[in-house]
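Report on one structure; see the data block that follows.
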Amino acid sequence: MKTYIKKVLKVLSLIKLSDIWDAVKIIASCPLGLILKLFKKNLWIVSEMEHTARDNGYWFFKYMRENYPDREVYYPIQFNSPDYEKVAKLGNVIRHGSFKHHIYTWCAKADISSRTGRGLPAPFMSRLFQVRGFYPFKSVFLQHGVNMSAAPFLERKRNRIDLFITSTEAEAKGLVDDLGYSEKQIKVIGLTRYDQLNEFTVTQNQILLMPTWRWWLYPDLGRITEADRLAVKNSTYVKTYREFLGNEKLNAFLKGMGLKLLFFPHNQMQPFIEEFKGNDNIVIASTENYDVQTALKESAYLITDYSSISFDFAYMKKPMCYFQFDYAEFREKHYQEGYFSYKNDGFGRIVKTVDSLVDEIISAYNNGFNMLDEYKQRVDTTFKYRDNNNSKRTFEAIENLLKR
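For the sequence shown, the positions run 52 to 455 when my numbering is used.
Right, here's the structure in full:
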């Protein structure tokens, strides 16, 4: 009980005046949204985070605008986002967080997002309204990736998800067994962004380093203090990647072979990107200047850790390895182990030290950056679909949900 009270007090201490103002806007927009619902009976909102259009939300929205241009489907995004122009060209864009966004949220028949709560007009306060069932829409979770672990924030009891999109049968079973979802809430369809992965051109000299984030290093509600920055700087996470990026053997190999290493920190670690240093052969990528999917399609080899981005790379049958230097700490502080075993189900070898990672990169290069047959077979048995119809299946599943 004391622990619960401490958590509540901590969250309350982070509430700002802007959050209170957001609550006022949510309440004030409610009657207007419900009136608008009388005229717009089948309005859908498709989203990701407030400033992005690069993930499953964007690709599904693009599919809807190109194939069903007369449908009332809208995409909220900040107008100063680097992705705004490409979404605006599709039409039906609303400014994220605007009063219109609040009204349309109350009016929506379906809220379709790749992020839990982040596409709502006020991600903190709107999320509270959503999980308590005040909003009348059906919630469709497109996902940000393949769920591999028993992620506590995705537990059924913490969310109001009516349709949960998955990519593999094992993933669907894991959601039922580990996170409490019912089978009727889940559809094995494939992520909408996978539609773009069947055609790609590999840049043979590019290696992609793309690890996931660390929950214990990311501050509550994303509100970063100087103490948070200091903790990240002194963390094993940052120190290990700095050691790797500065490794003399690695840098000599990259230079000698004419290779480029693109280090793409996870979105939650982007605020700390200045902690990592590049050089002529190592590029530190920011989300403002680089697109994740483009980097995945162009790269010849992937280094990740626990990220489900490995599924995107595997979908293209390209080689990779898992750099898991902090496995015990990750399982204790981030996500508990779920149905997925990196050893038995993964699509590449596991390494645990900087030296072994460098050796693995050299070995992969000497093999022509080709995926081994063992891992190709795992790809074939993992995915239910490897085609261009993921968005189509998603649309049909949403339609069936709303008809019930």
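For each residue, glycine too, the CB sits at the ideal point set by N, CA and C.
Excluding residues up to 5 positions away in sequence, Arg116 lie with their Cβ nearer than 7 angstroms to the Cβ of Gly142 in the same chain. Within the same chain, Cβ atoms closer than 6 angstroms to the Cβ of Val430 are found at Ala365 and Lys368, the five residues on either side in sequence being excluded. Assignment of Leu259 by DSSP, reduced to helix, strand and coil, places it in the strand class. Phe323 sits in a helix when the DSSP states are folded into three classes. As DSSP reads the structure, Lys238 sits in a beta bridge with Ile216. The segment 153-225 is shown to contain whole beta strand (DSSP E) runs of 3 or more residues at 161-164, 189-192 and 214-217, in chain order.
Put simply, the backbone Cα of Asn441 is about 7 angstroms away from that of Tyr245.
With respect to the C-alpha of Asp134, the residue from Asp121, Phe446 and Thr103 having the closest C-alpha is Thr103. Under the DSSP assignment, Met115 falls in the alpha helix (DSSP H) whose first and last residues are Asn107 to Asn118. Annotated three-state conformation of Ile275 is coil, per DSSP.
In the three-state DSSP reduction, Tyr386 falls in the coil class, being neither helix nor strand.
Residues of the same chain with a CB within less than 6 angstroms of the CB of Gly168, apart from the 5 flanking positions on each side, are Pro174 and Arg178 in chain order.
Nearest to Tyr416 by C-alpha distance, out of Ala448, Ser350, Gly397 and Phe398, is Ser350.
Bounds of the beta strand (DSSP E) holding Trp95 are Trp95 to Ser98. For a cut-off of 8 angstroms, the C-beta gap from Lys435 to Thr219 is around 6 angstroms, short enough to register as a contact. For Phe374, the enclosing beta strand (DSSP E) begins and ends at Met371 to Phe374.
Straight through space, the alpha carbons of Ile154 and Val343 are spaced by roughly 32 angstroms. Contact between the segment 226-238 and the segment 318-332 is absent: fewer than 3 CB-CB pairs across the two stretches fall below 8 angstroms. Arg183 and Arg382 have their C-alpha atoms some 30 angstroms from each other.
When beta bridges are read from the DSSP output, Leu312 appears opposite Ile258 and Ile333. Under the three-state reduction of DSSP, Pro127 is assigned to strand. CA-CA distance, Arg455 to Lys238, rounds to 15 angstroms. Here Thr433 has Thr219 as same chain residues with Cβ atoms under 6 angstroms from its own Cβ, once five neighbours each way along the sequence are excluded.
Three or more beta-carbon pairs separated by less than 8 angstroms link the segment 405-415 to the segment 300-314, which places the two stretches in contact. By the criterion of a C-beta distance shorter than 8 angstroms, Ala201 is surrounded in its chain by Gly225, Asp229, Leu230, Tyr386, Gln387, Glu388 and Gly389, once the five residues flanking it on both sides are discounted. Scanning its chain for C-beta atoms nearer than 6 angstroms, with the 5 sequence neighbours on each side dropped, one finds around Leu259 the residues Leu313, Ala346, Ser350 and Leu353, in chain order. For Gln194, the number of other beta carbons within 10 angstroms of its own is at least 16, and it is reported as buried. Looking at the DSSP output, Tyr352 bridges to Ile258. Here DSSP, grouped into helix, strand and coil, assigns Val402 to strand. Excluding five sequence positions before and after Leu408, the CB atoms of its chain that fall closer than 6 angstroms to its own CB belong to Phe374 and Val402, given in chain order. Within the same chain, Asn93, Trp95 and Met115 come within 8 angstroms of Arg122 by CB-CB distance, once the 5 residues on both sides are set aside.
Val144 carries a strand assignment under DSSP once its states are collapsed to helix, strand and coil.
No Cβ-Cβ contact shorter than 8 angstroms links Ala161 with Phe180. Within a 10 Å sphere around the beta-carbon of Thr156 sit 16 or more other beta-carbons, which makes this residue buried. If you ignore the 5 residues before and after Ile145, its C-beta comes within less than 6 angstroms of the C-beta of Tyr125, Pro127, Lys151 and His152, all in its own chain and listed in chain order. Under a 10 Å Cβ-count criterion, Pro316 is classified as buried, with 16 or more other Cβ atoms of the shown protein chains found around its own Cβ.
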